[in-house]
């Protein structure tokens, strides 16, 4: 692998040499041409917000089409250093940039912050997801790597992602007053079908856009070879029945079917009693297997629908108003098949599966009688507590529902001055209300006859020993935001200034509520109010005698107690201890906040030799809550950004950028740690739970050199990132130590980034015009991690969020008239370093060094081929073959789900279950009129 690294370095150096040599040759042979005026739409670029462009990656809707972006994972697959955080149940939890992730990477759409990753304090129905963006609604994206709070505000610690939605102009074609776009796509890796239709028109001073996008798909498949196995398992079944008709105490009938124990009706045919349980070994294919070590991905159905409306009216060339409405609904329906559907082995006191103990425990179920199947008579659990009974008759199943809903309504006013001597040239005023709601529901069921599943099965009196647990959590965020920006282009002496003044006010509201947390099961009653479902009626024939009781001729008569469906509501309110404040608290937790911000930036251009950027910003956050346990407070933060670019030659630029970032505590960190048993009463010192938190902080410095010209561009940069006061969960040392969140950790890291695009025709005219190559590389190295002393139950910073060193190189061709094109792409990733997965956890007894996961990834590489063809002017067919050679590999982003630090850690899956898809395809058809 070392040779590969040196080869790429050599290519980068030689590419820079080629650009310099060819650029010099071009300057010597240049010819002055007539001036041509071209009118084009303004598009985003890397230096739009700051002068160096260091750490910036920008994409427009054409790039998304060309790269065939269907979801969040496709968006950054060719951008080393930016990765997606897998939530664990089909959704995602944001991005990882520069060693940090989730809420430490800001996400904004049209300047509005998106919902935070909120990990509920619950048993199973945790989410931690974010609302994913509908990419067909997007006109441009900027990834800002490194601290970027001067541009993006709170959360931009490791970086930020800024999205801008489409406008009517993006659909209306040149020379027309209307436009109609249609796009249909299919992806084989997750069987996703998508359809997007948009229409835009212009009449008089009015402009309008309406767009709808629909998606429907399934879980992302893994490499097919991973599932070409049979997986074995142990399950519990009844022992062989004794069919000896003369055997005493072996035969029975039910009283309601045969009251006297004698008769010719079918219910009077005696049944042998179950005498115990045994364990057998079984097997099935990988896709049907359930339980620990499952390889195949969990079945999932995904569906989304998104509307985008925009309406604008231009009173004059200077004044216009606009309105926007956006609604996106996403649903994920998942079955967690790591939950064994069969009755499996119970653990011994060492936590190891124990066959002998299992047979004993299932035999002691105490229910030798069965209505339909002998397996109804075995199981384990406390027979005095039917809610804890586990019968071998019922399949066990666990389902999760995720429902994400986003609604946004906004209004805006724009002013463009025709007089360059005015106080400002452009003014933008935007008022928006955004509501995002994430619902997570758990269905833990034991009410379908083994081996079948039914998500809609119900607990009814005839389903003896059936039970179910339901938990539903809802997390909502609302933002009411006003943004006002002023822009001014000004010449002062021989310098040109681009001033920007931004002012904003945001009223926010966070609401977390568990509105369902219950267990449904059966209880049984008769005169003695026993919990046992059966009782011995005895034998009606007094002359039978004890010795003959239970024989085939004189079976035991068994009565059935009446079954009643019971509901155990875990949303508790205890009259003695007050309202519960642990995971059983089902009250709404509402936190309200206000946010003011003012920022000023100036990009200064000293001719074509020197660019200077300066920016400052002040943010004020204040939070309050009716819940006294919520850690609210006031946070004041000052952020800045400065950059300088020097061009000693037209085709060489040296740049330096320095910036800082901050993050105020997230809503779940304000909510705090609610330990089991916590109650709102005098015995709990809630004031000690309210340890004041401070904002997390980051410092980013980058230096780079770029070789830029018509013949290509190559940029190499070095960055240094330092994080301070990172918030983690811990407990103060001492008897009175309080478990909660504290600002304890610091991280220092650095790295190298490379970006390049070479125009081979410009370098050597013998090569066809339109032939190009893209290069990208990113590497991050951890320099230091530190944790403050005097705290326990705290793990040192583990850098599982760092993407392994990655290279991307491509060779592509675009026909000069844009009729067709093809791109051949190589992606190579190094292995995940074990040192980045080991942390030290501090306990009262000392420090323990332990890895957050025992799984890593090996080096891997794949080839992709993507292309397009335009015909009949209006139609474009795009296609892609991914993992062309059908290689077997796993990405760190997938394997990272096994880490204890993941949003929803997955502990009981086989390594093969994180395999990437094998060879897969994407096909799309676009029509633009």
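Residue numbers (mature numbering (1 follows the signal peptide of the UniProt record, and there is no 0)): -26 to -1, 1 to 903.
Every residue, glycine too, gets a C-beta built ideally from N, C-alpha and C.
Because the structure is a prediction, the values reported are computed rather than measured.
Should residue i go down as buried or exposed, given a rule of 16 or more other Cβ atoms within 10 Å for buried?
| i | result |
| --- | --- |
| residue 291 | exposed |
| residue 38 | buried |
| residue 234 | exposed |
| residue 751 | buried |
| residue 886 | buried |
| residue 354 | buried |
| residue 82 | buried |
| residue 337 | buried |
| residue 363 | buried |
| residue 738 | exposed |
| residue 602 | exposed |
| residue 730 | buried |
| residue 438 | buried |
| residue 763 | exposed |
| residue 227 | buried |
| residue 889 | buried |
| residue 365 | buried |
Just to confirm the assignment, what range does the alpha helix (DSSP H) spanning residue i have?
| i | result |
| --- | --- |
| residue 840 | Note, residue 840: premise wrong, no alpha helix (DSSP H); beta strand (DSSP E) at 834 to 845. |
| residue 736 | 734 to 737 |
| residue 201 | Where residue 201 is concerned, there is no enclosing alpha helix (DSSP H), given that its DSSP letter is neither H nor E. |
| residue 126 | 123 to 126 |
| residue 330 | 329 to 337 |
| residue 477 | Per DSSP, residue 477 belongs to no alpha helix (DSSP H); it is in the beta strand (DSSP E), 469 to 499. |
| residue 903 | Per DSSP, residue 903 belongs to no alpha helix (DSSP H) and is neither H nor E. |
| residue 48 | 46 to 49 |
Within a Cβ cutoff of 6 Å, which residues of the same chain sit near residue i, ignoring the five residues on either side of it in sequence?
| i | result |
| --- | --- |
| residue 806 | 778, 830, 831, 866 |
| residue 163 | 194, 195, 891, 894 |
| residue 632 | 616, 675 |
| residue 814 | 770, 821, 823 |
| residue 698 | 671, 720 |
| residue 594 | 570, 610 |
| residue 341 | 351 |
| residue 173 | 154, 184 |
So, using beta-carbon positions, are residue i and residue j closer together than 8 Å?
| i | j | result |
| --- | --- | --- |
| residue 434 | residue 539 | yes |
| residue 441 | residue 495 | yes |
| residue 508 | residue 537 | no |
| residue 911 | residue 387 | Nothing in the structure corresponds to residue 911, since the chain is present only between -26 and 903. |
| residue 352 | residue 212 | yes |
| residue 530 | residue 225 | yes |
| residue 801 | residue 835 | yes |
| residue 896 | residue 44 | yes |
| residue 678 | residue 690 | yes |
| residue 379 | residue 411 | yes |
| residue 726 | residue 692 | yes |
| residue 744 | residue 787 | yes |
| residue 57 | residue 70 | yes |
| residue 277 | residue 525 | no |
| residue 171 | residue 160 | no |
| residue 99 | residue 419 | no |
| residue 326 | residue 253 | no |
Along the chain, where does the beta strand (DSSP E) that runs through residue i open and close?
| i | result |
| --- | --- |
| residue 620 | 608 to 623 |
| residue 60 | 56 to 60 |
| residue 37 | Run containing residue 37: none in the beta strand (DSSP E); it sits in the alpha helix (DSSP H), 35 to 40. |
| residue 116 | 112 to 119 |
Going by beta carbon distance, what residues of the same chain come within less than 7 Å of residue i, once the five residues before and after it are set aside?
| i | result |
| --- | --- |
| residue 773 | 73, 756, 810 |
| residue 714 | 646, 647, 663, 665 |
| residue 612 | 592 |
| residue 107 | 83, 137 |
| residue 261 | 201, 270 |
Any C-beta of chain B sitting closer than 8 Å to the C-beta of residue i?
| i | result |
| --- | --- |
| residue 419 | Looking at the structure shown, chain B is missing, and only one protein chain is on hand. |
Taking residue i and residue j to be in contact with their CB atoms under 8 Å, please state how far apart those CB atoms are, rounded to whole angstroms.
| i | j | result |
| --- | --- | --- |
| residue 59 | residue 132 | Going by Cβ atoms, the distance from residue 59 to residue 132 rounds to 12 Å, so no, they are not a contact pair. |
| residue 216 | residue 246 | 5 Å |
| residue 314 | residue 201 | Contact flag wrong, Cβ pair sits at about 18 Å. |
| residue 880 | residue 62 | 6 Å |
Please find out if some non-hydrogen atom of the ligand GDP comes closer than 7 Å to the beta-carbon of residue i.
| i | result |
| --- | --- |
| residue 594 | In terms of ligand content, the structure shown is empty, and the ligand GDP therefore cannot be addressed. |
Under 8 Å Cβ to Cβ from residue i, same chain only, skipping five residues before and after it: list those, please.
| i | result |
| --- | --- |
| residue 425 | 315, 316, 369 |
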